[in-house]
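J.: Be aware that the first sequence starts at 318, since it is given in this note's numbering, and climbs by one per residue. Each residue gets a CB set at the ideal place from its N, CA and C atoms; glycine is no exception. Structure provided below as structure tokens; questions to follow.
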Amino acid sequence: MPELPEVETVRDGLDRHVRGRTVEQVEIRRDSAVRRHPGGPVDFAARLTGRSLDGVVRRGKYLWLLLSPTGGGTARPDGTRPPTGPDDALLAHLGMSGQLLVHHADRAPEHRHLRARLLLGGDPGVVLDFVDQRTFGHLGVVDLERTPDGAPGGHGSPSPAVPVPVAHIARDLLDPALDRAALVAAVRRRRTELKRALLDQSLVSGIGNIYADEALWRAGLHGSRPTDRLRPVEVVRVLDAAEEVMRSALRVGGTSFDALYVDVNGESGYFDRSLAVYGQEGRPCPRCGTPVERTAFMNRSSFTCPRCQPRPRTARRVRYTRPVL
DNA sequence: CCCGGATCCTGCTGGC
DNA sequence: TGCCAGCAGGATCCGG
318 MPELPEVETV RDGLDRHVRG RTVEQVEIRR DSAVRRHPGG PVDFAARLTG RSLDGVVRRG
378 KYLWLLLSPT GGGTARPDGT RPPTGPDDAL LAHLGMSGQL LVHHADRAPE HRHLRARLLL
438 GGDPGVVLDF VDQRTFGHLG VVDLERTPDG APGGHGSPSP AVPVPVAHIA RDLLDPALDR
498 AALVAAVRRR RTELKRALLD QSLVSGIGNI YADEALWRAG LHGSRPTDRL RPVEVVRVLD
558 AAEEVMRSAL RVGGTSFDAL YVDVNGESGY FDRSLAVYGQ EGRPCPRCGT PVERTAFMNR
618 SSFTCPRCQP RPRTARRVRY TRPVL
């Protein structure tokens, strides 16, 4: 389940293994892998072929490979260069099971869940495979637009630009341009539960179900706490905890990519060793020994320590709805 | 505008 | 042994 640390590990691996290479051929093995690309598979391949990959950027759980400018780059007779058109990028979201794998072109295995393959030039050439069992991930070639704040669009970005489909995704906790005070205020303006807020990518990005539960446990807060009744220090505490747990995961997950192989497998060692509550139903809380509880939440699971994370006493306020007459 | 629930998808697991 | 329900869950869509 790739969340921010796993996606960052992939970004770093791609940056080292495919940046600077040119796309020579595109194979779509399953059309739905590019379902969010407006022009469909044929247009996707057309826009990508012949382009070079100039950099790899991440914001939250999204990552994108910057594409070399097209047209516009040819010098005029007077030596000046016309402005290039809108820059674009190969955008990727890994969903919950997506992987981006780099192999030598002459010995790339045909993975069972291979959805798309890019042949990249170089000596030796490589293939960049998009593999995705549960098919929630997707690829697309998309235009970039300027960020409203003028700061770089994400980790690894040379410019204040983000893909149009990412414009509504908030900055993440590892982004130096994140306005933390504004985020704390925004969380407290919400009228929802804390865990829902942490998972809302338009509020703060990069946090998924696993790191949300770990952050809440570290902060000693229950995910059902109403956001508008949290004290600012409590919001700061849970955001700091989320940042810490993701940085820890990044340190562990980011060490295994020396080979020509880029992988996202959420279970990158960090999972077995360091999860305090996620998936630990019935096991003792590392802090107080109370058995961890599992509860249903948003069609999935939440794991909490009932002692370290007391459930809020009063039920969340229910909005008054006018009775139908 | 904001909130929250349903939905998409596939493969594995567990219960009967 | 075989079948099927349940579960995993990020993002989006839609109803209220």
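For residue 541, which option in 496, 324 and 529 has the closest C-alpha, if you only look at C-alpha atoms?
T.: Residue numbering aside, residue 541 sits at position 224 when the first sequence is read from its first letter. Of 496, 324 and 529, the residue nearest in Cα terms is 529.
J.: Is the beta carbon of residue 404 less than 8 Å from the beta carbon of residue 426?
T.: Walking along the first sequence from the start, residue 404 turns up at place 87. Walking along the first sequence from the start, residue 426 turns up at place 109. Cβ distance not < 8 Å, so residue 404 and residue 426 don't count as in contact.
J.: Between the C-alpha atoms of residue 616 and residue 527, what's the straight-line distance to the nearest angstrom?
T.: Position 299 of the first sequence, counted from the start, is the residue given in the question as residue 616. Position 210 of the first sequence, counted from the start, is the residue given in the question as residue 527. Approximately 14 Å, taken between the alpha carbons.
J.: Measure the Cβ-Cβ separation of residue 453 and residue 350 and say whether it is below 8 Å.
T.: The sequence position of residue 453 within the first sequence is 136, counting from 1. The sequence position of residue 350 within the first sequence is 33, counting from 1. No; because the gap between Cβ atoms is not below 8 Å, this pair is not in contact.
J.: Check residue 453 in the structure and name its three-state DSSP category.
T.: Residue mapping note: residue 453 aligns to position 136 of the first sequence, counting from 1. Three-state DSSP puts residue 453 in coil, outside helix and strand.
J.: Of the residues 410, 430, 434 and 377, which one's Cα is nearest the Cα of residue 420?
T.: Here residue 420 refers to the residue found at position 103 when the first sequence is read from its first residue. If we check each option's Cα against that of residue 420, 434 comes out closest.
J.: Looking at C-beta atoms only, is the number of pairs between the stretch 368 to 382 and the stretch 463 to 477 that lie closer than 8 Å three or more?
T.: Short answer: they touch.
J.: Quick one: grab the DSSP three-state call for residue 419.
T.: Here the question's residue 419 lines up with position 102 in the first sequence. Residue 419 falls in the strand class under three-state DSSP.
J.: Using DSSP's beta-bridge definition, name the partner residues of residue 460.
T.: Residue numbering aside, residue 460 sits at position 143 when the first sequence is read from its first letter. BP columns for residue 460 point to 405.
J.: Whole angstroms are fine: how far does the CA of residue 410 sit from the CA of residue 343?
T.: In the first sequence, counting from the first residue as 1, residue 343 sits at position 26. In the first sequence, counting from the first residue as 1, residue 410 sits at position 93. Rounded to the nearest angstrom, the two C-alpha atoms are 18 Å apart.
J.: Along the chain, where does the alpha helix (DSSP H) containing residue 528 start, and where does it finish?
T.: As a position in the first sequence, residue 528 is number 211, starting the count at 1. That run of the alpha helix (DSSP H) goes 526 to 536.
J.: Out of 504, 594 and 436, state which residue places its alpha-carbon closest to the alpha-carbon of residue 532.
T.: Counting from one through the first sequence, the residue named residue 532 turns up at place 215. Selected option, being the one with the closest Cα: 594.
J.: First and last residue of the beta strand (DSSP E) that includes residue 655?
T.: There is no way to answer for residue 655, as the model of the chain reaches only from 318 to 642.
J.: Unbroken alpha helix (DSSP H) runs of length 4 or more, entirely within the stretch 333 to 399: which are they?
T.: Taking only runs of at least 4 residues, the alpha helix (DSSP H) segments lying wholly in the stretch 333 to 399 are 357 to 365.
J.: Considering only the alpha carbon of each residue, which of 341, 413 and 345 lies closest to residue 524?
T.: Position 207 of the first sequence, counted from the start, is the residue given in the question as residue 524. Nearest of 341, 413 and 345 to residue 524, Cα basis: 413.
J.: Which class does residue 329 belong to by DSSP, given the choice of helix, strand or coil?
T.: On the first sequence, residue 329 is found 12 positions in, with the first residue counted as 1. Residue state, collapsed to three classes: helix.
J.: Can you tell me which residues form a DSSP beta bridge with residue 610?
T.: For the purposes of this step, residue 610 is identified with residue 293 of the first sequence, where counting begins at 1. Residue 610 pairs with 621.
J.: DSSP state of residue 448, grouped into three classes?
T.: Position 131 of the first sequence, counted from the start, is the residue given in the question as residue 448. If DSSP states are grouped into helix, strand and coil, residue 448 belongs with the strands.
J.: Buried or exposed for residue 363, please, with buried defined as at least 16 other CB atoms from any protein chain shown within 10 angstroms of its CB.
T.: Looking up residue 363 in the first sequence gives position 46. Residue 363 is exposed by the Cβ-count criterion.
J.: Which stretch, first to last residue, makes up the beta strand (DSSP E) that contains residue 479?
T.: Within the first sequence, numbered from 1, the residue matching residue 479 stands at position 162. Element bounds for residue 479: 478 to 480.
J.: For a test of the three-state rule: what should DSSP assign to residue 543, helix, strand or coil?
T.: If you number the first sequence from 1, residue 543 lands on position 226. Residue state, collapsed to three classes: strand.
J.: Nearest to residue 598 by alpha carbon, out of 618, 591 and 614?
T.: Here residue 598 refers to the residue found at position 281 when the first sequence is read from its first residue. Measuring from the Cα of residue 598, the nearest candidate turns out to be 618.
J.: Name the residue from 563, 416, 439 and 505 whose alpha carbon lies nearest to the alpha carbon of residue 522.
T.: For this step, residue 522 is matched to residue 205 along the first sequence. Closest option to residue 522, Cα to Cα, is 563.
J.: Which value, in whole angstroms, describes the spacing of the CA atoms of residue 497 and residue 504?
T.: On the first sequence, position 180 is the one that residue 497 refers to. On the first sequence, position 187 is the one that residue 504 refers to. Each residue's alpha carbon lies about 10 Å from the other.
J.: In angstroms, rounded to a whole number, what distance separates the CA positions of residue 537 and residue 554?
T.: For this step, residue 537 is matched to residue 220 along the first sequence. For this step, residue 554 is matched to residue 237 along the first sequence. Straight-line Cα distance between these residues: approximately 9 Å.
J.: Given a cut-off of 8 Å, decide if residue 369 and residue 338 are closer than it, judged by their beta-carbon atoms.
T.: Indexing the first sequence from 1 puts residue 338 at position 21. Indexing the first sequence from 1 puts residue 369 at position 52. Yes; because the gap between Cβ atoms is below 8 Å, this pair is in contact.
J.: Taking the alpha carbon of residue 545 as the reference point, which residue from 518, 561, 558 and 502 has its own alpha carbon closest?
T.: For the purposes of this step, residue 545 is identified with residue 228 of the first sequence, where counting begins at 1. Of 518, 561, 558 and 502, the residue nearest in Cα terms is 502.
J.: Given a cut-off of 8 Å on the beta-carbon distance, is the pair residue 466 and residue 494 in contact?
T.: For the purposes of this step, residue 466 is identified with residue 149 of the first sequence, where counting begins at 1. For the purposes of this step, residue 494 is identified with residue 177 of the first sequence, where counting begins at 1. Going by C-beta atoms, residue 466 is nearer than 8 Å to residue 494.
J.: Closer than 8 Å by C-beta to residue 477: which residues in its own chain qualify, once you throw out the five before and the five after it? Chain order, please.
T.: Taking the first residue of the first sequence as 1, we reach residue 477 at position 160. Closer than 8 Å at the Cβ level, and outside the excluded window around residue 477, lie 463, 464, 466, 467, 468, 469 and 470.
J.: Are the CB atoms of residue 331 and residue 373 nearer to each other than 8 Å?
T.: Counted from its first residue, the first sequence places residue 331 at position 14. Counted from its first residue, the first sequence places residue 373 at position 56. Their beta carbons are under 8 Å apart, which means residue 331 touches residue 373 by this criterion.
J.: Around the C-beta of residue 605, are 16 or more other C-beta atoms found within 10 angstroms, so that it is buried, or is it exposed?
T.: Looking up residue 605 in the first sequence gives position 288. Answer is exposed; the Cβ neighbour count stays below 16.
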